[in-house]
Structures are given as C-alpha cells and as structure tokens.
Amino acid sequence: MNEGTSSTGRSSAASGTPIQPPASFVAGANVTDGSLRESFAERWPECWERAADFLDWSSPYDTVLDATDGYDWFAGGTLNASYNCVDRHVEAGRKSHAALKWEGRLGETRTYTYHDLYREVNALAAALRERGVEAGDVVTTYMPMLPELPVTMLACARIGAVHSVVFAGYSADALAMRLADTESAYLVTCDGYYRRGTAYDLKRKADNACLDVPQSVDRLIVDRLDDDRSYGDNYVGYAALLDEYRGETVEPVPRAASDPLFVIYTSGTTGRPKAVRHTTGGYLAQVAWTSHAVLDLGPGDTHLCSADVGWITGHSYVVYGPLALGATTVLYEGTSDYPERDHLWGIVERNAVDVFYAAPTVIRAFMKWGAEYPADHDLSSLRLLGTVGEPIDETTWRWYHENVGGGECPIVDTWWQTETGGILVSTLPGVDAMRPGAAGPPLPGIAADVVDPHGSPVEPGESGSLVLTRPWPGMALDLGESTGEDPTDWRYETGDAATVDAGGYVRLLGREGNTLNVAGRRLGTREVEAAIVAVDGVAEAAVVGAEDTRRDTVLYAYVTPQRDAGSEARLRERVRDAVADAIGGFAVPDVVLLTPDLPKTRSGKVLRRHLRQIANGEAVSDTGALRNPEIVGELESIVDGVS
Ligand code: 6R9
Numbered sequence: 001m002n003e004g005t006s007s008t009g010r011s012s013a014a015s016g017t018p019i020q021p022p023a024s025f026v027a028g029a030n031v032t033d034g035s036l037r038e039s040f041a042e043r044w045p046e047c048w049e050r051a052a053d054f055l056d057w058s059s060p061y062d063t064v065l066d067a068t069d070g071y072d073w074f075a076g077g078t079l080n081a082s083y084n085c086v087d088r089h090v091e092a093g094r095k096s097h098a099a100l101k102w103e104g105r106l107g108e109t110r111t112y113t114y115h116d117l118y119r120e121v122n123a124l125a126a127a128l129r130e131r132g133v134e135a136g137d138v139v140t141t142y143m144p145m146l147p148e149l150p151v152t153m154l155a156c157a158r159i160g161a162v163h164s165v166v167f168a169g170y171s172a173d174a175l176a177m178r179l180a181d182t183e184s185a186y187l188v189t190c191d192g193y194y195r196r197g198t199a200y201d202l203k204r205k206a207d208n209a210c211l212d213v214p215q216s217v218d219r220l221i222v223d224r225l226d227d228d229r230s231y232g233d234n235y236v237g238y239a240a241l242l243d244e245y246r247g248e249t250v251e252p253v254p255r256a257a258s259d260p261l262f263v264i265y266t267s268g269t270t271g272r273p274k275a276v277r278h279t280t281g282g283y284l285a286q287v288a289w290t291s292h293a294v295l296d297l298g299p300g301d302t303h304l305c306s307a308d309v310g311w312i313t314g315h316s317y318v319v320y321g322p323l324a325l326g327a328t329t330v331l332y333e334g335t336s337d338y339p340e341r342d343h344l345w346g347i348v349e350r351n352a353v354d355v356f357y358a359a360p361t362v363i364r365a366f367m368k369w370g371a372e373y374p375a376d377h378d379l380s381s382l383r384l385l386g387t388v389g390e391p392i393d394e395t396t397w398r399w400y401h402e403n404v405g406g407g408e409c410p411i412v413d414t415w416w417q418t419e420t421g422g423i424l425v426s427t428l429p430g431v432d433a434m435r436p437g438a439a440g441p442p443l444p445g446i447a448a449d450v451v452d453p454h455g456s457p458v459e460p461g462e463s464g465s466l467v468l469t470r471p472w473p474g475m476a477l478d479l480g481e482s483t484g485e486d487p488t489d490w491r492y493e494t495g496d497a498a499t500v501d502a503g504g505y506v507r508l509l510g511r512e513g514n515t516l517n518v519a520g521r522r523l524g525t526r527e528v529e530a531a532i533v534a535v536d537g538v539a540e541a542a543v544v545g546a547e548d549t550r551r552d553t554v555l556y557a558y559v560t561p562q563r564d565a566g567s568e569a570r571l572r573e574r575v576r577d578a579v580a581d582a583i584g585g586f587a588v589p590d591v592v593l594l595t596p597d598l599p600k601t602r603s604g605k606v607l608r609r610h611l612r613q614i615a616n617g618e619a620v621s622d623t624g625a626l627r628n629p630e631i632v633g634e635l636e637s638i639v640d641g642v643s
C-alpha cells in the first residue's frame, strides 16, 4: 500500500487502499499538524480553547467547561453571533469582500459585501426591535433560499432573539406545529417562490398556519414574486420596512455562551420531529472551528453548500461557519437540475467556488445523469469536496473524486447530526489519508466508541452502535442535561450503526434497525447497498428486510437504474452477482425491484421505514416527512407486480 503523499492524489488505488491528500492541497491547508488528536486528547477539555479562539468574545469566559450543572461550555463568557459573523470582518478592513452571493431561480444574481450585510442586518434588527422583539423571543422564518433568510437569522442573533427556521417546502400544518410549539409571535415569510420556473404560493400556507395557532403572529413578508398582490392587514412588507430603517445601527446584544442562538427541528428520519436548541458560544465555536479545520475555509474562500438553510447543514455550513470565518457563502434558490442538469456546475464555475459540500443523494443524482454535465464546466477552482447526510458508498465517492474533483481534490466525508451542531467525525483533509466509504476518525477533541448492546467496545470491523463518550462545545442544550457527573463518564447514543477499523476510522452503516439477521448472520443493509451501487448502470439502491410467512427475513433491494442501463433482466442478474461476490450468497437479495426513485425526506435521506412497510405489504403510514409521497403508490404497484 502506498501511504506516501502522492503528487497528484489520483485515485488509481484499488478498493480499500487509503488515498493520501495531494501535496498541493496539504501545502496550503489550514490544518497540517498530524499530532492534533493527541494534543487535544491530552488537554481535554481545555483543548477547546482552540475553537473559542476563532470568535471575538464581549467578555472572556471563566472556564472552558463547567460540568457542575449540565455542560456549560465557555461558562461566564458573553458574545454576539451577528457581531462575529458580520461586524468584525468590516472592522478588519474586509468590508468590500463578498459575504453572500445569491443566484435566483430566474437567473438573477445578487452579491452582498460584508458592508452590505452589515447594513441589512442592522436595519432589520432595528425594525424587529421596534416591532417588539426582545432578547429570548422566538422569531420564525418560512422562506426559500433567499438572502433575506440569513439576514433575518443574523438580525435575530444581533438582538438576542432565537430564530426558528422552517423549511419552505413544509406544509401549513408543519409550520403551525412549530409556531405553536415554540410560542413564536413573529414570522418572517415571503409571498411565494419559484420551482422549475413556476411560481408557488407560500403566503397562503403561512396564513393557514397562523389561523391554527393560539397566539397572534406579527408577520413580515418578502416580495419574491413581484406580482403586485396586496398582502392585507396582517402583513408588513419586508422591503418597505427595511427602507425605513436603513442606515440605523443596533448594538449587538452580548449573550451568555449558553444562551440559545436558535431552535431547529430534526428532520423526521427517526420519527416525530423534535425541537433541538443550540447555544451561542459552544455552537458558534464548533462550526467556526470545523469550517476551518475540516472544510478548510478562511477569508477569501468561496463556499458552496448545497443544503437548504432550513436544515442544520444549512445553518452550520451555509450561514454560521463560513460567515464566522469571513469567507464568501453561495446560496442558490434553484434545484440542481433546473433549468439544466449542469446548473450547479455553472454556479461553481461562475463564482469560482473553492469548496463544495453536498449530500450523497445529490452526488448520486449527478452520477445517474452522467459525467458530461460536470465535464461541460471549468471546475478547476475547486480545492476540496465534502459530503454529509448519509453514508457515501465507494462507487459514488470515486465518481465524485474523478468527475467533480478531477482526481485532485480531497473529499471529506463528514458525520454529524442536528443534535451535534457541527461535524464530529471526519478526516482532516490536510492530515489524514482518505478511505472511501469510511468517514474517518473522530475529530480532535471528540471521543467516540462503537459498542455492543452491553456498552462494551466491539472488535475492529465488527458492527455496533456509535456512541460519543465525551461532551463537545456544539452539543445541543438538551443533550447535556445529566448533571454533576464526571464529563469523561458521559455518553450520548447516536442511534447510528457503525464499524471502526484498526486505524480508528469509523464506517457508518446507517440508522440502527438497518442491521438484519439473515440466515443467522448479522448483515448491514448498507453493505449490500454498497455492492449494488458499484454495479454499472445502477444509480441508487436501498435494501430492507421483510418477513415471509415463516418469519424468515427476505431481502428486498430497490434499485434505481442509471439512464441507458440496458436490459432490466441483465441488470438484476448483475446486481445479484455483485452481492454474491462482495459479501456472499447469503446476502443476495431475494427480490430485486427496479424503481424510478426512492422515498426521500426533504433533505434527501432515503426513508427505509417506508420501503420496509411496502415490502411487508403493510399500509404505509406517516408519509409527512416525504418529499416525494407519490413514489409510495408506484412502489406498491411494483411490489404487487412481483408477489
Ligand atoms: C448533518 C445531518 C443525522 C443522521 C446521522 C446519520 C446520517 C449524517 C453522515 C451520515 C453516514 C455521514 N449521517 N452524516 N451517515 N455518513 N457522513 O445530516 O443531520 O439531518 O440530523 O441527520 O444522518 O444517520 O445520524 P441530520
């Protein structure tokens, strides 16, 4: 195995061989110190000063971690997130640097320098304050990917209000549930949005949601559709209001490090959405530090994260992380395939994007459409690629590495959750070798184990549950409620199944419950999926277990073919052969279904729960978390057709 630094980083390496980051990347990387994990471990928890140092504090903290009553990170310190993401970059002479670039669905573009952002955030903060918003109040937003969204988040942060961003694709009911649950009396929304060139009404959904909650809701509305519609008495126009306050400034309100910065709901992969609150100090330190150390961002870099701001990934790595570091963040309103399937690559080219961060589902869609779309664009500005949200199989990883990164960009496969605030498991791109399919070791300062049902660490290569065994600054407030304990004696169960290899690399196997017992053997469905996706002509696959009449497990593989995949019968055969070769005959799916798509959450995660119900012939319940509920009926008739 070649463990040395290669000059180009080309991935001619055979499966399983670690790939070193290219020397050209290492030479300019933010973090190149190979002993960081050890030095953090030796100085834990004081090591986390390193993250706090990325921020400007209004008053210094007394202690890095106060564990006397829950986990209070940077206790005694105060700071303001808006000051850290905006003002200090203006003060440092970077006022004319681009903070935020935006591309709209109709091809419009807007650039906000740090100075522009400063003016917008101050004006809105002044307006919100005039309307009665006070520190600690919850302000809800309900809008698509518009620059007004990060502006609103930062304006809230400036006056100490807590934002609750609700994804624009959610229904009126979902918005009402969140408004009521947070007792939020303020809503910033917009009239509508464009999807594939068609205008959709958002205001009607906002109206209905507000009718459904006990409190009265003060509403600002952004005019996106420009259609001269009258909004009625319940709404105040955002643009006109801002014009009134433009030029006013509002002193950033110092917040305790442990004061909540925002509330966000989990996406429903595991069941009912749950409210998670993140802190001002610990969270911001964690996302700034990981944006620096993992995404390798700094002032002068342009970052494109394809996640919607409505998800935690958008909060942490579209808004707070890049802006805390003074980088440029790119927002786009469209989908990645409208007007054409090269839309995202055009954005990368036009904005000379340095770092690109996307979910495997997005990358698999590109793989399905074909390499000609990225090949049509000059992507040479890219320096680093990242993925998040689901396990990325080796085939997709290699496609991404070659066709987007030109074989020259390291890939960081970053594991984390809404509850963790920021990235916790990943390679450091300037330090660690990449092992396609494995996320990497826990980051410096993070302690994790893969354990059996009794809580004992499993042997290398064996699957178990991923647990985090020490708190970290970006942990959600609600995770730290166990009190007075020795912080090295604490654990958080992530709910993910994983293996860890002898080198400490964590390989994620999906949510727990995706591990099956087939013919007396334990089988991670992800392993089977990885073998299937490696087959030529396969774009995506999900494998679930159903029970037959004898209560034995029957494996169902739902396989989405690529364009031009050829004969269906031959593709099924190739799928079966590939699983037999990669894992063994016992793992070969009993049923291979070719499907046009898979049921996915709005953030693109495959919902295997529904696939399991369909395979078992059960009624599919609770499709509220689905982006494409119509696929359920299609899959049911495909399954009916074979059984
Ligand atoms: C950031 C985010 C969290 C769940 C998590 C895990 C899965 C995230 C992953 C990954 C494998 C990765 N997940 N990153 N699985 N490899 N690099 O996605 O938050 O929406 O809360 O989902 O996503 O199952 O537990 P969230």
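Numbering-wise, the sequence shown is residues 1 to 643 according to the UniProt record's numbering. Think of the CB as a built atom: it goes at the ideal place given N, C-alpha and C, for glycine as much as any other residue.
(request) Could you tell me which of Asp259, Ser306, Pro299, Ala41 sits nearest to Tyr283, measuring between CA atoms? (result) If we check each option's Cα against that of Tyr283, Asp259 comes out closest.
(message) Here's a check: name, in chain order, each residue in its chain whose Cβ is nearer than 6 Å to the Cβ of Val554, leaving out the five neighbours to either side.
(response) Excluding sequence neighbours, Val554 sits near Ala546, Asp548, Asp590.
(message) Do His115 and Pro299 count as a contact pair if the criterion is CB distance below 9 Å?
(response) Taking 9 Å as the Cβ cut-off, Pro299 and His115 do not qualify as a contacting pair.
(message) Contact between the region 14-34 and the region 240-253 is defined here as three or more beta-carbon pairs at a separation below 8 Å; is this criterion met?
(response) Judged by Cβ distances under 8 Å, the region 14-34 makes no contact with the region 240-253, as fewer than three pairs qualify.
(request) For Gly281, verify whether its CB is less than 8 Å away from any heavy atom of the ligand 6R9. (result) Checking every heavy atom of the ligand 6R9 against the Cβ of Gly281, none is found closer than 8 Å.
(request) Just tell me which of Trp73, Gly633, Pro596 has its CA closest to the CA of Lys368. (result) Nearest option by C-alpha distance: Pro596.
(request) Starting from the C-beta of Asn628, find all residues in its chain whose C-beta is less than 8 Å away, skip the five residues before and the five after it, and write them out in chain order. (result) Excluding sequence positions up to five before and after Asn628, its CB lies within less than 8 Å of the CB of Asp597, Pro599, Lys600, all in the same chain and listed in chain order.
(request) Keeping to the same chain, check which residues put their C-beta closer than 7 Å to that of Tyr373; ignore five residues upstream and five downstream. (result) For Tyr373, where only same-chain residues beyond five positions count, the Cβ hits under 7 Å are Arg341, Asp342, Trp345, Phe366.
(message) So if DSSP puts Cys305 in a beta bridge, which residue, or which two residues, is it bridged to?
(response) DSSP, once it has assigned bridges, lists Tyr357 as partnering Cys305.
(request) Return the chain-ordered list of same chain residues with a C-beta closer than 8 Å to the C-beta of Ala352, the five sequence neighbours on each side being excluded. (result) Annotation for Ala352: Thr302, Ser381 place their beta carbon closer than 8 Å to its own, counting only its chain and skipping 5 residues before and after.
(message) Within a Cβ cutoff of 7 Å, which residues of the same chain sit near Val500, ignoring the five residues on either side of it in sequence?
(response) Hits under 7 Å: Val450, Pro460, Val506.
(request) Find out if the Cβ-Cβ distance for the pair Ala557, Val528 is shorter than 9 Å. (result) Yes, the pair counts as a contact, with Cβ atoms nearer than the cut-off.
(request) Compute the Euclidean distance between the alpha carbons of Glu183 and Ala498, then round it to the nearest angstrom. (result) Note on geometry: alpha-carbon atoms of Glu183 and Ala498 lie some 38 Å from one another.
(request) Look up Ser7 in the DSSP assignment and say whether it is helix, strand or coil. (result) Caution applies to Ser7, whose pLDDT of 37 falls short of 50 and renders its modelled position unreliable; the value that the coordinates give is listed next. It is coil, neither helix nor strand.
(request) In the DSSP assignment, find the unbroken alpha helix (DSSP H) run with Phe40 in it and report its ends. (result) Start and end: 36-42.
(request) Could you tell me which residues DSSP puts in a beta bridge with Ser465? (result) Answer by DSSP bridge pairing, in chain order: Val451, Ala497.
(request) Identify, in the order they occur along the chain, each residue of the same chain with its Cβ nearer than 6 Å to the Cβ of Gly624, setting aside the five sequence neighbours on each side. (result) Contacts found: none.
(message) Rounded to whole angstroms, what is the Cα-Cα separation between Ala324 and Arg94?
(response) As the crow flies, the alpha-carbon of Ala324 is around 13 Å from that of Arg94.
(request) Can you give me the Cβ contacts of Pro273 inside the same chain, cut-off strictly under 6 Å, excluding the 5 residues immediately before and after it? (result) Same-chain partners within the cutoff: Tyr265, Thr266.
(message) Can you tell me where the alpha helix (DSSP H) holding Trp345 begins and where it ends?
(response) Trp345 -> alpha helix (DSSP H) spans 343-351.
(request) Assign Phe586 to one of three DSSP states: helix, strand, or coil. (result) Assigned with DSSP and collapsed to three states, Phe586 falls in helix.
(request) Could you spell out where the beta strand (DSSP E) holding Leu384 opens and where it closes? (result) For Leu384, the uninterrupted beta strand (DSSP E) segment begins and ends at 384-388.
(message) For Pro444 and Val425, which I take to be in contact (beta-carbon distance under 8 Å), what is that distance rounded to the nearest angstrom?
(response) Actually they do not touch by this definition, with Cβ atoms about 11 Å apart.
(request) State yes or no: is the C-beta of Pro453 within less than 9 Å of the C-beta of Ile392? (result) Cβ distance not < 9 Å, so Pro453 and Ile392 don't count as in contact.
(request) Would you list the one or two residues that DSSP bridges to Ala75? (result) In the DSSP output, where bridge partners are listed per residue, Ala75 has Thr63.
(request) Enumerate in chain order the residues of its own chain whose CB-to-CB distance from Thr483 is below 7 Å, with the five nearest sequence positions on each side excluded. (result) Note that Thr483 scores a pLDDT of 49, beneath 50, so its modelled location is shaky and nothing firm can be said.
(message) Quick check: what's the CA-CA separation for Asp87 versus Tyr118?
(response) If you take the alpha carbons of Asp87 and Tyr118, they lie about 6 Å apart.
(request) Check whether the Cβ of Gln286 sits closer than 8 Å to any heavy atom of the ligand 6R9, and report yes or no. (result) Flag unset: Cβ of Gln286 not near the ligand 6R9.
(message) Shorter than 8 Å, the distance from the beta carbon of Ala92 to the closest heavy atom of the ligand 6R9, or not?
(response) Exclusion of Ala92 from the 8 Å shell around the ligand 6R9 follows from its C-beta lying no nearer than that to any non-hydrogen atom of the ligand.
(message) Shorter than 8 Å, the distance from the beta carbon of Ile312 to the closest heavy atom of the ligand 6R9, or not?
(response) Yes.
(request) Look at Cys305 and Val294 and say whether their C-beta atoms are less than 9 Å apart. (result) No, these two residues do not count as a Cβ contact at 9 Å.
(message) Per DSSP, what are the beta-bridge partners of Trp102 in this structure?
(response) Trp102 pairs with Arg110, Leu331.
(message) Please tell me whether Thr280 and Leu516 are closer than 9 Å, where the distance is taken between their beta carbons.
(response) At least 9 Å separates the beta-carbon of Thr280 from that of Leu516.
(request) Report the residue ranges of all beta strand (DSSP E) runs contained in full by the region 157-244; include only those spanning at least 3 residues, in chain order. (result) Counting only runs of at least 3 residues, the region 157-244 fully encloses the following beta strand (DSSP E) elements, listed from N- to C-terminal order: 162-167, 186-190, 192-195, 198-201, 218-222, 235-237.
(message) At the 9 Å Cβ level, is Thr109 part of the contact set with chain B, yes or no?
(response) Looking for chain B here will not work: only one protein chain is present.
(request) Would you list the one or two residues that DSSP bridges to Tyr600? (result) The sequence shown places Lys at residue 600, not Tyr. According to DSSP, which records beta bridges pairwise, Lys600 is partnered with Val606.
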